[in-house]
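Engineer: Protein chains in written order, with my numbering: chain A, -5 to 153; chain B, 39 to 286. Ideal Cβ placement from N, Cα and C applies to all residues, glycine included.
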Amino acid sequence: MLALLFHIGETKYIIKCDRIREIAPMVALKEVPHSPAYFSGYFNYRGTIVPVIDLCRLIQNIPCRKRLSTRIILVEYRRKETSHILGLIAERVAEAVKKPDDAFISAGIRSRKAPYLGGIVMEEDEMIQYLELDRLPDCIDFLPDSETTACDGDDPETD
Amino acid sequence: MISPGEKTSEKTSVKTSVEKPMAECWQKIGVWSKEKSCPVLQDVIHCRNCEVFIQSGRRLLDQDLPDAYREEWAGIMASEKEEELFQTISLVLFRVETEWLALRTQVLSEVIDPEPLKRHTLPHRKNRILTGIINVRGEIQLCVSLKELLGIEISEGSKTSKAGSGKSVDKTWYRRMMVIFSDDGKWVFPVSEIIGICRIHPTSFQNVPVTVAKAQSTFTKGIFKWEDRYVAFLDDELLIYSLARSVQ
C-alpha cells in the first residue's frame, strides 16, 4: 500500500494514500471569522468549496510554516452516504513510500482528545505515527452533518 | 523487522554519512563512482540514489513561500483540471522530402542510420518504387521508395534555397532508413528526417483537402497539425498492400 509521509513540526507522520485525491500546493485560502484556529479557510478546489484544516495547528497548536514543501492534502471521506473532500495542510509533504498492510501496527491505546492518531509504522529504525483519516472528520465540528465527538473542545476560539 | 538484515546494514552506512556535514559533496567528488573517493557512491552507483543527495534536494523545498505563488496556484487549482486525452494513438512522425508523414508506431520495426547500409540494385527490374535490396542485420530486405509511391516531388523552391543560403542546416544529416513490418515481411525505405513518436487524439484528424495530389490522398487517412506543420497520417495497411503489389 502506498503511504504518504509528511511532517508536523519536527515529527514525521504517515497516512494511507487510498483516500487521497490530490496533493495541491499551498494556495491562498478564504479565511472565515469566528472559526477554530485549526480551520485555515475555504479552498476553491476545481470549482468546489473545500474546508482546509491546518494539521500543525490541530495537533501541535503551532501554525504550519509557509514553505514550498507545505502542501494541501485533499482527502475524501464519507458522511451519510455522500462523499466530501477535506483539505489538510501539512509540512514537508514530499515523499511517498510503499508499505505492506500489516506494517500499520495498532498501538493499543487511543487518546480521547485525538482519536485520529492511529498506531505506528516502522520505517527502518524509526517509529512513525499514522493518522486515521476515518476518525479525523469526527473531530472537526463544523463539517456538514457532523456527529461531533468532543475533541479540542477547549479551543478558546471555537464559536 | 520490515527489511532484511542485509538491507538494514547498508541503510545505516548511508545514514552515518547523512549525519556528517558533507555540504555539496557531489560537487567535489562527482556523481559517479569512478574514483574511490566516496564510500557510499560505490554502493549506490550514482548520487541520485544517495540519501545525502535526496535530502539536499528536499531542503530546497524548505524555502519560504512567496505570496504571489499562493495567489497563482489558487487560480490554477480553482479552474477545471485539464485531463489528458484518452485513447490517443501512437504515431511515428517523419519527413520525405518536403512532406511530413506519420505512420502507426505499431508497424515501425526500427530506424537505422543509412551510412553503413549498402543498397544493391536489382538487375533487369525497372521499377521506380522497388529500388533494390538491402542488408539489415544479416537479413535481406526489400528497399522501396515512399517518394515514388506517394508521388512526392522535390520542389524547386526548396532546392534553390538550400543551395543559395549557406546558413541553412545541411538536411542530409537527418537522413535515416525506416523499417516497417507486416505479416508479409519487412520494408525498408529512406526518409529525410524522423521527428520521433508522438501521441495524437483521433479527433484532431482533419479530412484531406481535395486539392491534394491524388496518389497522396489515397494513402492519407487524415491530416493533423503537429506544432506548426501539417502531417499526413498514412494508411499503413493500404501502403503495405500497394508496396507488395508493386514488387510483384
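#1: Runs of 3 residues minimum, wholly inside the segment 237 to 277 of chain B: which ones carry the beta strand (DSSP E) assignment?
#2: Distance cutoff 8 Å, beta carbons only. Does histidine 28 of chain A sit that close to anything in chain B?
#3: What number of angstroms, rounded off, separates the C-alpha of alanine 88 of chain A from the C-alpha of tyrosine 71 of chain A?
#4: Excluding the 5 residues flanking leucine 99 of chain A on each side, which residues of the same chain have their C-beta closer than 6 Å to its C-beta?
#5: From lysine 10 of chain A to isoleucine 134 of chain A, what does the alpha carbon distance come to, in whole angstroms?
#6: Along the chain, where does the beta strand (DSSP E) that runs through methionine 116 of chain A open and close?
#7: Alpha carbons only, please: which of A:Ala108, A:Leu82, A:Met116, A:Ala90 is nearest the one belonging to alanine 97 of chain A?
#8: Which one of B:Gly113, B:Asp266, B:Leu272 has the shortest CA to CA distance from threonine 256 of chain B?
#9: Check the C-beta distance from phenylalanine 132 of chain B over to glutamate 275 of chain B and give it rounded, since I have them as a contact under 8 Å.
#10: Put glutamate 70 of chain A into one of helix, strand or coil per three-state DSSP.
#11: Name the residue from A:Ile43, A:Arg73, A:Leu82 whose alpha carbon lies nearest to the alpha carbon of cysteine 58 of chain A.
#12: For arginine 61 of chain A versus tyrosine 32 of chain A, is the C-beta distance shorter than 8 Å?
#13: Output the boundary residues of the beta strand (DSSP E) element that contains methionine 215 of chain B.
#14: Counting only beta-carbon atoms, is proline 45 of chain A nearer than 8 Å to chain B?
#15: Determine the extent of the alpha helix (DSSP H) in which leucine 188 of chain B is found, giving its start and end residues.
#16: Identify each residue in the segment 35 to 69 of chain A for which the Cβ-Cβ distance to at least one residue of chain B is less than 9 Å, and report them in chain order.
#17: From the DSSP output, in three-state form, read off serine 100 of chain A for me.
#18: With a Cβ-Cβ cutoff of 8 Å, do leucine -2 of chain A and proline 45 of chain A count as a contact?
#19: Listed from N- to C-terminal order along the chain, which residues in the segment 13 to 28 of chain A have their beta-carbon within a distance smaller than 9 Å of any beta-carbon of chain B?
#20: Residues of chain A with CB under 8 Å from arginine 86 of chain B, in chain order?
#21: Mark glutamate 191 of chain B as exposed unless 16 or more other C-beta atoms lie within 10 angstroms of its C-beta, in which case mark it buried.
#22: State yes or no: is the beta carbon of alanine 88 of chain A nearer than 8 Å to at least one beta carbon in chain B?
#23: DSSP state of valine 107 of chain A, grouped into three classes?
#24: Could you tell me which of B:Ile127, B:Val78, B:Asp81 sits nearest to serine 242 of chain B, measuring between CA atoms?
#25: Which same chain residues end up closer than 8 Å to valine 217 of chain B when comparing Cβ atoms and leaving out the 5 residues on each side of it in sequence?
#26: Go ahead and pull the three-state DSSP assignment for tyrosine 32 of chain A.
#27: For arginine 96 of chain B, return the contacting residues in chain A, with the cut-off set at a CB-CB distance below 9 Å.
#28: Can you tell me whether DSSP reads glycine 95 of chain B as helix, strand or coil?
#29: If the cut is a Cβ gap below 8 Å, which residues of chain A does aspartate 100 of chain B touch?
#30: Please work out which residues of its chain come closer than 7 Å, Cβ to Cβ, to isoleucine 233 of chain B, disregarding the five sequence neighbours upstream and downstream, and give them in chain order.
#31: Can you grab the Cα-Cα spacing for the pair glutamine 254 of chain B / tryptophan 138 of chain B, in whole Å?
#32: In angstroms with no decimal places, state the Cα-to-Cα distance between leucine 168 of chain B and serine 284 of chain B.
#33: Between which two residues does the beta strand (DSSP E) holding methionine 115 of chain B run?
#34: At a CB-CB cut-off below 9 Å, which residues of chain A make contact with alanine 116 of chain B?
#35: Of the residues B:Arg214, B:Ala282, B:Val69, B:Gly170, which one's Cα is nearest the Cα of isoleucine 83 of chain B?
Structural biologist: The structure says:
#1: Runs of the beta strand (DSSP E) spanning 3 or more residues and lying entirely within the segment 237 to 277 of chain B occur at 258 to 264, 267 to 272, in chain order.
#2: Position 34 of the first sequence, counted from the first residue, corresponds to residue 28 of chain A. Not an interface residue.
#3: The residue given as residue 88 of chain A occupies position 94 in the first sequence. The residue given as residue 71 of chain A occupies position 77 in the first sequence. Distance between the alpha carbons of alanine 88 of chain A and tyrosine 71 of chain A: 23 Å.
#4: Taking the first residue of the first sequence as 1, we reach residue 99 of chain A at position 105. Here residue 99 of chain A is isoleucine; the residue named in the question, leucine, does not match the sequence. Gly113, Ile114, listed in sequence order.
#5: Indexing the first sequence from 1 puts residue 10 of chain A at position 16. Indexing the first sequence from 1 puts residue 134 of chain A at position 140. Between lysine 10 of chain A and isoleucine 134 of chain A, the C-alpha separation is close to 20 Å.
#6: Within the first sequence, numbered from 1, the residue matching residue 116 of chain A stands at position 122. Counting along the chain, the beta strand (DSSP E) containing methionine 116 of chain A begins and ends at 111 to 117.
#7: Taking the first residue of the first sequence as position 1, residue 97 of chain A is located at position 103. When each option's Cα is compared against that of alanine 97 of chain A, the closest is A:Met116.
#8: Position 218 of the second sequence, counted from the start, is the residue given in the question as residue 256 of chain B. It is B:Leu272 whose Cα lies nearest to the Cα of threonine 256 of chain B.
#9: Here residue 132 of chain B refers to the residue found at position 94 when the second sequence is read from its first residue. Here residue 275 of chain B refers to the residue found at position 237 when the second sequence is read from its first residue. Not confirmed; about 18 Å, so no contact.
#10: Translated into positions along the first sequence, residue 70 of chain A becomes position 76. In the three-state reduction of the DSSP assignment, glutamate 70 of chain A falls in the strand class, which pools E and B.
#11: Numbered from its first residue, the first sequence carries residue 58 of chain A at position 64. Minimum Cα distance to cysteine 58 of chain A is reached at A:Leu82.
#12: Counted from its first residue, the first sequence places residue 61 of chain A at position 67. Counted from its first residue, the first sequence places residue 32 of chain A at position 38. For arginine 61 of chain A and tyrosine 32 of chain A, no; Cβs fall outside 8 Å.
#13: On the second sequence, position 177 is the one that residue 215 of chain B refers to. 214 to 220 is the extent of the beta strand (DSSP E) around methionine 215 of chain B.
#14: Along the first sequence, read from residue 1 onward, the residue named residue 45 of chain A stands at position 51. Chain B, which has no Cβ nearer than 8 Å to the Cβ of proline 45 of chain A, makes this no.
#15: Residue mapping note: residue 188 of chain B aligns to position 150 of the second sequence, counting from 1. According to the DSSP assignment, leucine 188 of chain B belongs to the alpha helix (DSSP H) that extends over 184 to 188.
#16: Answer in chain order: Phe37, Asn38, Tyr39, Arg40, Gly41, Arg59, Lys60, Arg61, Leu62, Ser63, Thr64, Ile66.
#17: Along the first sequence, read from residue 1 onward, the residue named residue 100 of chain A stands at position 106. Coil, per DSSP.
#18: By 1-based counting over the first sequence, the position of residue -2 of chain A is 4. By 1-based counting over the first sequence, the position of residue 45 of chain A is 51. In this structure, proline 45 of chain A does not lie closer than 8 Å to leucine -2 of chain A by Cβ.
#19: Going along the segment 13 to 28 of chain A in chain order, one finds Glu16, Ala18, Pro19, Met20, Val21, Ala22, Leu23 with a Cβ nearer than 9 Å to chain B.
#20: As a first step, residue 86 of chain B is located in the second sequence; it is residue number 48 there, counting from the start. Going along chain A, no residue has its Cβ under 8 Å from arginine 86 of chain B, so there is no contact; the nearest lies around 15 Å.
#21: Residue 191 of chain B sits at position 153 when you count from the first residue of the second sequence. The residue in question, glutamate 191 of chain B, is exposed, as its Cβ has fewer than 16 Cβ neighbours within 10 Å.
#22: Residue numbering aside, residue 88 of chain A sits at position 94 when the first sequence is read from its first letter. At least one chain B Cβ lies under 8 Å of alanine 88 of chain A.
#23: Along the first sequence, one-based indexing puts residue 107 of chain A at 113. In the sequence on display, residue 107 of chain A carries lysine and not valine. Lysine 107 of chain A carries a coil assignment under DSSP once its states are collapsed to helix, strand and coil.
#24: Taking the second sequence and counting its residues from 1, one reaches residue 242 of chain B at position 204. Nearest C-alpha to serine 242 of chain B among B:Ile127, B:Val78, B:Asp81: B:Ile127.
#25: Taking the second sequence and counting its residues from 1, the one referred to as residue 217 of chain B is at position 179. The beta carbon of valine 217 of chain B sits closer than 8 Å to the beta carbons of Leu146, Ser147, Glu148, Val149, Ile150, Val174, Gln179, Lys224, Trp225, Val226 from its chain, once the five residues preceding and following it are set aside; these are given in chain order.
#26: As a first step, residue 32 of chain A is located in the first sequence; it is residue number 38 there, counting from the start. Correct three-state label for tyrosine 32 of chain A: coil.
#27: Stepping through the second sequence from its first residue, residue 96 of chain B is reached at position 58. In chain order: Ser63, Arg86, Ala88, Glu89.
#28: Taking the second sequence and counting its residues from 1, the one referred to as residue 95 of chain B is at position 57. For glycine 95 of chain B, the three-state secondary structure derived from DSSP is helix.
#29: Position 62 of the second sequence holds residue 100 of chain B. Taking a Cβ-Cβ threshold of 8 Å, the residues of chain A close to aspartate 100 of chain B are Arg61, Leu62, Ser63, Arg86, in chain order.
#30: The residue given as residue 233 of chain B occupies position 195 in the second sequence. So the list reads Leu131, Phe132, once near-sequence residues are dropped.
#31: In the second sequence, the residue the question calls residue 254 of chain B occupies position 216. In the second sequence, the residue the question calls residue 138 of chain B occupies position 100. Rounded to the nearest whole angstrom, the C-alpha separation of glutamine 254 of chain B and tryptophan 138 of chain B is 12 Å.
#32: Locating residue 168 of chain B in the second sequence gives position 130, counting from the first residue. Locating residue 284 of chain B in the second sequence gives position 246, counting from the first residue. CA-CA distance, leucine 168 of chain B to serine 284 of chain B, rounds to 7 Å.
#33: Stepping through the second sequence from its first residue, residue 115 of chain B is reached at position 77. Annotation for methionine 115 of chain B: no beta strand (DSSP E) segment contains it, though the alpha helix (DSSP H) segment containing it runs 105 to 116.
#34: Position 78 of the second sequence, counted from the first residue, corresponds to residue 116 of chain B. Chain order gives the chain A residues near alanine 116 of chain B as Val21, Phe37, Asn38, Tyr39, Arg40, Gly41, where near means a beta carbon separation below 9 Å.
#35: Locating residue 83 of chain B in the second sequence gives position 45, where the first residue counts as 1. Measuring from the Cα of isoleucine 83 of chain B, the nearest candidate turns out to be B:Val69.
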